[in-house]
């Protein structure tokens, strides 16, 4: 991944992908089972990853949109969708995480064409950092919308924005850096003029409900939300929460291995400029 890139109105730069400010990855226990679930639910196909037999890349058409790695057991971490944010220097970013009371659980270590680390912020929300060490290109998002976008549910949105801003160089004014907008009760992160993430307050670290604990929520656009929910049910997934938001109808589900993810009606979201 590299920093945010610009694009024309007809082909906006993707927010998630190999050459975008963020990449999303599922850490799971069994690669084949994950592919059998997410393929029909999301309409994805898969190609082997370059990191070994336990990795694959999900594709929407010809465009890579997400990674899947059967590494949850190896790294002793929960099954989860995790955003990996682009950084210029993984070692420097890891040091900034530790200096600000975050945790670096794995890395930085060499991964394919770059170096990455798995971390958690000071409230316990997991995320990754990624330094690309080789050139990469990423085609525009299919149909002109983003592959995914994010919501951080955290204890205090403004404290979290300061943490991530300092770690990831947001709102620095440097070319390609993401910008931060402080809304009434949320913080909104824009990259390349488009929304990448929303940060919301109110999470409780000790809550038994995983939706209430601090976490990064990965949100995928779908053409038919009802059909996607039905496909998830047919393959052992469960509906956790369904909401009507201003940006569109939204459903949070859990896959058969315990990974939470969110789907949004792409047509409604596109009308609001959320993708």
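Numbering (my numbering), first residue to last: 358 to 632.
Ideal placement from N, C-alpha and C gives every residue a C-beta, glycine not left out.
Query raised in the report: Hey, residue 613 and residue 390: beta-carbon distance below 8 Å or not?
Result: yes
Query raised in the report: What is the C-beta distance between residue 554 and residue 509, in whole angstroms, given that I count them as a contact (C-beta under 8 Å)?
Result: 6 Å
Report task. Please classify residue 483: does DSSP put it in a helix, a strand, or coil? Result -> strand
Query raised in the report: Count the other CB atoms within 10 Å of the CB of residue 504; is the residue buried (16 or more) or exposed (fewer)?
Result: buried
Query - Cα-Cα separation between residue 572 and residue 491, rounded to whole angstroms - result: 30 Å
Query raised in the report: If you draw a straight line from the alpha carbon of residue 477 to that of residue 459, how long is it in whole angstroms?
Result: 6 Å
Query raised in the report: Hey, out of 589, 547, 569, whose CA is closest to residue 379's CA?
Result: 547
**Report entry** Three-state secondary structure (DSSP) of residue 421
**Finding:** strand
Requested in this report: Return helix, strand or coil for residue 342, following the three-state DSSP convention.
Outcome: Absent from the model: residue 342. The displayed extent of the chain is 358 to 632, so no value can be given.
Query raised in the report: According to the Cβ coordinates, are residue 512 and residue 542 closer than 8 Å?
Result: no
Report task. If I'm right that residue 520 touches residue 455 with Cβ under 8 Å, what's the distance once you round it to whole angstroms? Result -> Contact flag wrong, Cβ pair sits at about 12 Å.
Query raised in the report: Hey, quick one: how far does the beta strand (DSSP E) through residue 606 stretch, first residue to last?
Result: 605-611
Query raised in the report: Whose C-beta lies closer than 8 Å to the C-beta of residue 514 among residues of the same chain, with five residues either side of it excluded?
Result: 542, 543, 544, 556, 557, 558
Query raised in the report: DSSP beta-bridge partners for residue 384?
Result: 426, 437
Query - Where the beta strand (DSSP E) through residue 583 begins and ends - result: Residue 583 -> not in any beta strand (DSSP E); alpha helix (DSSP H) instead, spanning 582-591.
Query raised in the report: Short check: CB of residue 589 to CB of residue 398, under 8 Å?
Result: yes
Query - Assigned exposure category for residue 432 - 16 Cβ within 10 Å defines buried - result: exposed
Requested in this report: Output the boundary residues of the beta strand (DSSP E) element that contains residue 448.
Outcome: Counting along the chain, residue 448 falls outside any beta strand (DSSP E), though it belongs to the alpha helix (DSSP H) covering 447-456.
**Report entry** Spatial distance of residue 597 from residue 620 (CA atoms)
**Finding:** 11 Å
Requested in this report: Answer yes or no: do residue 441 and residue 406 have a C-beta to C-beta separation smaller than 8 Å?
Outcome: no
Query raised in the report: What are the residues that DSSP puts in a beta bridge with residue 460?
Result: 477
Query raised in the report: Got a sec? Which residues, its chain only, sit under 6 Å from residue 475 by beta carbon, not counting five neighbours each side?
Result: 462, 463, 485
Query raised in the report: Straight-line CA distance for residue 563 to residue 409?
Result: 36 Å
Requested in this report: With distances taken Cα to Cα, identify the nearest neighbour of residue 622 among 607, 446, 534.
Outcome: 607
Requested in this report: Can you grab the Cα-Cα spacing for the pair residue 536 / residue 609, in whole Å?
Outcome: 27 Å
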